[in-house]
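Written out below as structure tokens is the structure these notes cover.
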Amino acid sequence: MMSRADRTVLSEWWWTVDRALLASLCGLMVIGIILCLAASPAVAARLNIADPFHFVNRQVLFLIPAAVVMIATSFMSPRTIRRTCVVVFGVFFVLLLATLVFGPEVKGARRWLTIAGITVQPSEFIKPAFVILAAWLFAESTKRPEMPATLFAFLLLGSVLGPLVKQPDFGQSLLICLVWSSLFFLAGLRWIWMVGLVGVGAGGGFIAYMTVSHVQKRINRFLNPDSGDTYQIDAALNSFRSGGWFGTGPGEGTMKRMLPDGHTDFVFAVAGEEFGIILCLIILALFAFILLRSLSRASKESDPFTRFAITGLALLFSLQASINMAVNVHIAPAKGMTLPFISYGGSSLISIAFGMGMLLALSRKRPGAAALARLSEGHGADPRRGESLARPVAPPPAAVPDPA
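Be aware that the sequence shown starts at 1, since it is given in the working numbering, and climbs by one per residue.
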């Protein structure tokens, strides 16, 4: 057991990190392994893979480096996080552009690259780095209005949306736009900007509906199930009906055999069938707790960058989960988006771990954070140099002798 008196890096980390947040994230990882055990044998059999636990083994193999990435990142300081994200964004932005040229076409989209035998989805790694850079720019716009930080934030958004729409990947584009718009709102945008952004978003969605055939088909099937094939959604809904409140039991589900993506996009439906609505509510509660806990910590931060970054990372995490669960219960059009820490996938798992590691790092308790924030606003000297933050007090005026 580590004592508060210890001055080691590990002890300091343990007593300053948000342990409730860390426990919730670890809980999701454990649930992910359990659901992968439940869903993957049926997928392996359908794909004629000899090892029924092929996807389970790979999930655990990805989970180990993901856990290491999350813990290692949680040790970083805010300055190190910003510098790291500049590098990560630059590297994976180049890879994102490369997917448009060298990426294999899968179901009409180019989203993946194979590097040294490993399949990588660059857009997954760009998301957390994008949130940190956007938070940094919006924070600078609030502290130094004379800087064109807001313009750079618009350019950052456009540089990412261009390749994503070209792939095409409208789900990731929507997710990034929602998080970016939320940060813009927190930075104090005017109402006219909000109306304009909503109008641009609605116009972009209408253009996508009119020009991209698979987007039009998915929306039409959502609005009118009789207009096309709704096989996966019907199987997912039947999974929830079959499971009821307490489920059919581990390994006893039958509807999962009909779900082509039961280990990825529709793993929430497998949870509903084998473990019941009770487990689904537990998963929902964990995501809600992580979001609310993070927003609570962000509201107590005096530094704009830390406040924006925590909020952006929490929204990125929770919105992705919300979209996945909404698709599973058919309250949103079908979209290939994983359930964080639960769905099978290497790129998604490690990138989410990177984002949550930064969330843990930024939400750590820093006793000197308030003092340094006042320093950055010019209200005192540097306490790290042993100087006082208190304003110098002028000496009292000298007494004037009485002329009498």
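Every residue gets a Cβ at the ideal spot worked out from N, C-alpha and C, and that includes glycine.
Query: Buried or exposed by the 16-neighbour rule on C-beta atoms within 10 Å, applied to Ile-233; Result: buried
Query: Buried versus exposed, by CB contacts within 10 Å (16 or more), Val-131; Result: buried
Query: Test item: CB-CB of Arg-110 and Gln-167 under 8 Å; Result: yes
Query: Under 8 Å between C-beta atoms of Thr-406 and Arg-218; Result: This structure leaves residue 406 out entirely; the chain is present only between 1 and 404.
Query: Contact check, Pro-163 vs Leu-96, beta carbons under 8 Å; Result: yes
Query: Cβ-based burial, Asn-328 [other Cβ within 10 Å; buried from 16]; Result: buried
Query: Ile-310 vs Ser-363 beta-carbon contact at 8 Å; Result: yes
Query: CB-CB length for Ala-236 against Phe-266, believed under 8 Å; Result: 5 Å
Query: 4 or more residues per run - each alpha helix (DSSP H) lying fully within the stretch 193-240; Result: 213-223
Query: CA-to-CA distance, Leu-313 to Ala-187, given in whole angstroms; Result: 15 Å
Query: Three-way DSSP call (helix, strand, coil) for Val-329 in this model; Result: coil
Query: Residue range of the unbroken beta strand (DSSP E) whose run includes Leu-113; Result: 113-115
Query: Nonlocal neighbours in the same chain, by C-beta distance under 7 Å from Lys-335, ignoring five residues either side; Result: Gly-171, Ile-323, Val-327
Query: Span of the alpha helix (DSSP H), counted from its first residue to its last, around Ile-71; Result: 54-73
Query: Nearest candidate by alpha-carbon position, reference Ile-331, set Arg-293, Pro-225, Leu-259, Met-356; Result: Pro-225
Query: Environment of Phe-308 [buried if 16+ CB atoms lie within 10 Å]; Result: buried
Query: Continuous beta strand (DSSP E) stretch holding Thr-119: start and end; Result: 118-120
Query: The stretch 278-290 touching the stretch 55-62, judged by at least three CB pairs closer than 8 Å; Result: no
Query: Check whether Ala-134 and Leu-175 have beta carbons under 8 Å apart; Result: no
Query: Buried versus exposed, by CB contacts within 10 Å (16 or more), Pro-340; Result: buried
Query: Residues of its chain near Asp-402, where Cβ-Cβ distance is below 8 Å and the 5 sequence neighbours each way are ignored; Result: Residue placement at Asp-402 cannot be trusted, given a pLDDT of 45 that sits under 50; what the coordinates show is reported in the next sentence. Cβ within range, chain order: n/a, list empty.
Query: Minimum C-alpha distance to Ile-71 - residue among Val-101, Cys-26, Ala-50; Result: Cys-26
Query: One or two residues paired with Val-106 in a DSSP bridge; Result: Ala-109
Query: CA-to-CA distance, Arg-82 to Ala-373, given in whole angstroms; Result: Any answer about Ala-373 is weak, because its pLDDT of 45 lies below 50 and its placement is not dependable; what the coordinates show is given next. Going by the C-alpha atoms only, they are around 17 Å apart.
Query: Cα-Cα separation between Ala-370 and Gly-357, rounded to whole angstroms; Result: Residue placement at Ala-370 is flagged as unreliable, the pLDDT there being 46, under the threshold of 50; the coordinate-derived value follows with that caveat. Each residue's alpha carbon lies about 22 Å from the other.
Query: Inter-residue spacing [alpha-carbon to alpha-carbon] between Leu-223 and Thr-84; Result: 43 Å
Query: Whether Ser-74 touches Leu-319 by CB criterion (8 Å); Result: no
Query: Cut-off 6 Å between Cβ atoms - residues of its own chain near Ser-343, not counting five sequence neighbours on either side; Result: Thr-264, Val-267
Query: Straight-line gap, Glu-377 to Asp-303 (C-alpha atoms, nearest Å); Result: Unreliable positioning characterises Glu-377 in this predicted model, as indicated by a pLDDT of 46, which lies under 50. A coordinate reading is not provided.
Query: Val-17, DSSP secondary structure in three states; Result: coil
Query: Cβ neighbours of Val-94 in the same chain (closer than 7 Å, five flanking residues each side left out); Result: none
Query: Bounding residues of the alpha helix (DSSP H) (the contiguous stretch that carries Gly-276); Result: 267-299
Query: Cβ shell of Trp-13 (< 8 Å), same chain only, five flanking positions each side left out; Result: Ser-74, Phe-75, Arg-364
Query: Straight-line gap, Leu-28 to Ile-352 (C-alpha atoms, nearest Å); Result: 12 Å
Query: Distance between Glu-273 and Thr-248 (C-alpha atoms, nearest Å); Result: 6 Å
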